[in-house]
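Peer 1:
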Ligand SMILES: Nc1ncnc2c1ncn2[C@@H]1O[C@H](COP(=O)(O)OP(=O)(O)OP(=O)(O)O)[C@@H](O)[C@H]1O
Ligand SMILES: [Mg+2]
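Residue numbers (my numbering), protein chains in the order written: chain A, 986 to 1267; chain B, 179 to 785.
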């Protein structure tokens, strides 16, 4: 059972190897409820792989992931989503042919009453029956969720609301990223993982996104953030973790980490050769 | 046949022939991540060109082989240039569908040119057999082994030591990187298709000589066997394809030795399903982890569906509903009854292939399950026909879903292969399970349609019945699509990884889609059984699966109204234009090709 003061998310010795390459190498991390921790590091440091391990899209070769003291290592992404973990993807993974509304509604999927009974065979058949019969309570639930989606979308001002019925493929790149965040919020997550939410955004869009993340933090949401824009990282984070070649090379408050010679070296060392290396490895 | 040695030799020889097909498939998959469903058709073309050479031109054997290889290579080049190259930048489903269309067109052209009757293809070699150990071996066996080994050597030298061969290897390792380094991908594709086709054509020739018989059914079998061998060896892995082929040949040969000839194909397809489930990257998978597929949402064409106002749909329903009361001919009603039956199948397939993105090529198996269930229940247990049809639908939903479930963990083209194989397995089980299905004799004397004790024998009543059932199924499906399940299915189709990250279990929702779709298909098959009064294992064949797929693409993937419109169009238009039956499949193939090329979202748009 949950220990009284266990951190919301806790990683111990998390490791993932791809052939000869250790993409994530013995990472320890504690994230308290309501906290915001950022992970930074040069390209190929293993940040996204770490996210995949936490969200169940990939399995660790060693180490544990626990949520409020409960071991959830190696659970399927479906189960982890039901436990309240939501994430966005670095390259953007919206459902292209679904409308903005439907994209965000998928975020609320785990909260639907119809999907709750986990009994094999009977559960899915009941779900099918509910979908076809559509009793008034099912309708009311759907209506409620639609209202909720509109409330979530209104956080992005007039960016998404007017496009609520448009298919996601027709949106601009920045808007697709916003849809992803809206979808994550619709899950009512206990833990939100954002993988470079401002990648490809211009400065004013970045500022807007920074404002939103600050707001979410103020509302008490627990957030793990991957971000290259140090300015934003420094403003938002309670703590910063620096990864390089799979390992944690520094951890601490933003300013402290920024001046750490190891960090400076990792960034300089890879900042120049990093891109060339990636190309030849690809 | 006698000794195990004989069976081993036979297995290796047949394996050698499969290898010629499978190596071509592996080369093509390597450079373009495409499973070429037209490979068997080239094999067919090879066999018939060989027949022309041997029987009509009387060419000597070496010349026959070279002639066949060259003509087949030419066909391969034409396919690459006009069938596939224009689709280079289109969605992932497009080239898959194009090779299916090409395969139908080629098969039909051969059939129309040479008639579907089998022909003898003499081997031009002396008919002697040498004693080897406890078995025998003939000159043709040696020839096949020789052609197999020398092709492998030639291919090895080409890939290893020529500049173009180097480019092929580079492109199959990493296409983008190869392009950046200046590799001309079009030339690589040309080379690969040319080689694959030459090998496939020669393979067809040798098989024709081996069995001294060729017929147009060879094509699909060859594609299936080649794909099995290729997948067993690991898609895209050329040496793996050779080993996979020999393994397949041996498994089949020993299977035949133990269980009898009619089980040959069953073993092949079971091997495929087992490998796909347990080792989807093949027996000798390289260290590659992630499946070689693009990451996100590019499987089907994005489109804005055509919105048809509700009242227009109801008007259409009313018009078709009162049609039998107008002075229309029996012939028109009969045609429309066929359209409604096909419409039910298309509704099922558009849900499975369109809405949740599992392009099934074995959908006719669901018809067969429904038809056999309904026919047997009403015949042997005297269940009322109406109930029997519903039972057929339920059986198809349950059994179909269980059978197809091994494919749930697969993606993209693999799903199509698995469903094709599962469809074949169903028809082979029907053929071999004589105590229940009456085997090759089929089931005759199936009672006619009846409802609440009234027999529906007049065309008008059959028309109304099938139309009403189809409209009902369409309404149910529309209701399903507007529920949370509709968006969940579509989300899985667009990006299964993101869907899982948001709690959507692929097994659960793919099962639900197949359960719902299986019911519609089973009902269609059940009605058909009572209409035809006779069915056998070939009544519901791959041609119907492909026809249904064409209907679905024509109407727009996932589009309920589109499925019905597509069915009416594909059944009705050939009648309107009085196109002779033997040209129809050809036309369907061409329609499929044109759609893929010019309107991949179909008439009414993907939903
Ligand atoms: N599925 C995989 N198979 C093999 N190697 C992989 C796989 N996924 C990631 N890698 C490798 O693991 C290393 C870490 O990758 P990861 O994507 O986690 O880095 P990252 O820190 O997110 O980088 P970026 O800042 O560019 O997003 C890289 O060298 C990458 O090539
Ligand atoms: Mg990353």
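Don't be surprised by glycine CBs; every beta carbon is placed ideally from N, CA and C.
(1) Just to make sure I have the definition right: I need the residues of chain A whose C-beta is within less than 7 Å of the C-beta of residue 657/B. Which are they?
(2) Any beta carbon from chain A within less than 8 Å of residue 665/B's own beta carbon?
(3) Take every Cβ of the stretch 1156-1164 of chain A, pair it with every Cβ of the stretch 1179-1196 of chain A, and state whether three or more of those distances are shorter than 8 Å.
(4) Using a beta-carbon distance cut-off of less than 9 Å, what residues from the stretch 1046-1080 of chain A approach chain B?
(5) Along the alpha helix (DSSP H) that carries residue 359/B, what are the first and last residues, could you check?
(6) For residue 829/B, decide whether its Cβ has a neighbour in chain A, counting only Cβ atoms nearer than 8 Å.
(7) What distance in whole Å lies between the Cβ atoms of residue 414/B and residue 692/B, which are believed to be in contact at a cut-off of 8 Å?
(8) Go ahead and label residue 190/B buried or exposed: buried means 16 or more other beta carbons lie within 10 angstroms of its beta carbon, across all protein chains shown.
(9) Given a threshold of 16 other Cβ atoms within 10 Å of its Cβ, counted over all protein chains shown, does residue 1088/A qualify as buried or as exposed?
(10) Need the endpoints of the alpha helix (DSSP H) that residue 1236/A sits in, please.
(11) At a CB-CB cut-off below 9 Å, which residues of chain A make contact with residue 715/B?
(12) Does the Cβ-Cβ distance between residue 346/B and residue 366/B come in under 8 Å?
(13) With hydrogens ignored, establish whether the beta-carbon of residue 1059/A is closer than 7 Å to any heavy atom of ligand 1.
(14) State the CB to CB distance for the pair residue 734/B and residue 782/B, rounded to an integer number of angstroms; the pair is presumed to be in contact (CB under 8 Å).
(15) With a Cβ-Cβ cutoff of 8 Å, do residue 214/B and residue 277/B count as a contact?
(16) If you count every other CB in all the chains shown that lies within 10 Å of the CB of residue 536/B, and 16 or more means buried, which is it?
(17) What does residue 683/B reach in chain A if we use C-beta pairs closer than 7 Å?
(18) Alpha helix (DSSP H) containing residue 1114/A: first to last residue?
(19) Please list, following the chain, all residues that have a C-beta closer than 7 Å to any non-hydrogen atom of ligand 2.
(20) If you run the structure through DSSP and keep just helix, strand and coil, what is residue 1128/A?
(21) Enumerate, from N- to C-terminal direction, the unbroken beta strand (DSSP E) stretches of 3 or more residues contained entirely within the stretch 1001-1068 of chain A.
(22) Kindly list, in the order they appear in chain A, the residues whose Cβ is closer than 8 Å to that of residue 654/B.
(23) Are there any heavy atoms of ligand 1 lying less than 7 Å away from the beta-carbon of residue 599/B, as far as the coordinates show?
(24) Is it the case that the Cβ atoms of residue 627/B and residue 701/B are separated by a distance below 8 Å?
(25) So residue 1099/A is in the beta strand (DSSP E); what residue range does that whole segment cover?
(26) For the pair the stretch 707-722 of chain B and the stretch 599-619 of chain B, tell me if three or more CB-CB distances fall below 8 Å.
(27) Going by the DSSP bridge assignment, what does residue 1071/A pair with across the sheet?
(28) Determine, using beta carbons only, whether residue 997/A and residue 1048/A come nearer to each other than 8 Å.
(29) I'd like to know whether the C-beta atoms of residue 839/B and residue 555/B end up nearer to each other than 8 Å.
(30) Hey, does residue 272/B have any beta-carbon neighbour from chain A nearer than 8 Å?
(31) Just curious, the alpha helix (DSSP H) that residue 399/B is in, first and last residue?
(32) So, are the CB atoms of residue 282/B and residue 601/B less than 8 Å apart?
(33) Taking DSSP as the reference, what is the three-state secondary structure of residue 306/B?
(34) Grab the span of the alpha helix (DSSP H) containing residue 202/B for me, first residue to last.
(35) State the Cα-Cα distance for the pair residue 333/B and residue 193/B, rounded to the nearest angstrom.
(36) Have a look at residue 726/B and residue 1053/A and give me their C-alpha separation to the nearest angstrom.
Peer 2: In this structure, then:
(1) 1117
(2) yes
(3) yes
(4) 1061, 1062, 1063, 1064, 1065, 1066, 1067, 1070, 1071, 1072, 1074, 1076, 1077, 1078, 1079, 1080
(5) That residue, residue 359/B, is in no alpha helix (DSSP H); it is neither H nor E in DSSP.
(6) Outside the shown range of chain B (179 to 785) lies residue 829/B, about which nothing can therefore be said.
(7) Not confirmed; about 28 Å, so no contact.
(8) Per the 10 Å Cβ criterion, buried.
(9) buried
(10) Not the alpha helix (DSSP H): residue 1236/A falls in the beta strand (DSSP E), residues 1232-1237.
(11) Within chain A, no residue comes near residue 715/B; the closest Cβ sits about 30 Å away, beyond 9 Å.
(12) Judged by their CB atoms, residue 346/B and residue 366/B are nearer to each other than the 8 Å cut-off.
(13) no
(14) 4 Å
(15) yes
(16) buried
(17) 1063
(18) 1107-1118
(19) 1032/A, 1033/A, 1075/A, 1180/A, 1181/A, 1211/A
(20) helix
(21) 1006-1016, 1021-1025, 1047-1052
(22) 1117
(23) With a cut-off of 7 Å, the C-beta of residue 599/B is classified as distant from ligand 1, since no heavy atom of the ligand falls inside that distance.
(24) no
(25) Looking at the DSSP string, residue 1099/A is not in any beta strand (DSSP E), and its letter there is neither H nor E.
(26) Touching, yes, given that three or more Cβ pairs across the two stretches are closer than 8 Å.
(27) 1177/A
(28) One thing to note: residue 997/A has its Cβ within 8 Å of the Cβ of residue 1048/A.
(29) Within the shown structure, residues of chain B are numbered from 179 to 785, placing residue 839/B beyond reach of any answer.
(30) no
(31) Here the alpha helix (DSSP H) through residue 399/B covers 396-411.
(32) No.
(33) The answer is coil: DSSP assigns residue 306/B none of H, G, I, E or B.
(34) 182-210
(35) Approximately 18 Å, taken between the alpha carbons.
(36) For residue 726/B and residue 1053/A, the distance between alpha carbons rounds to 51 Å.
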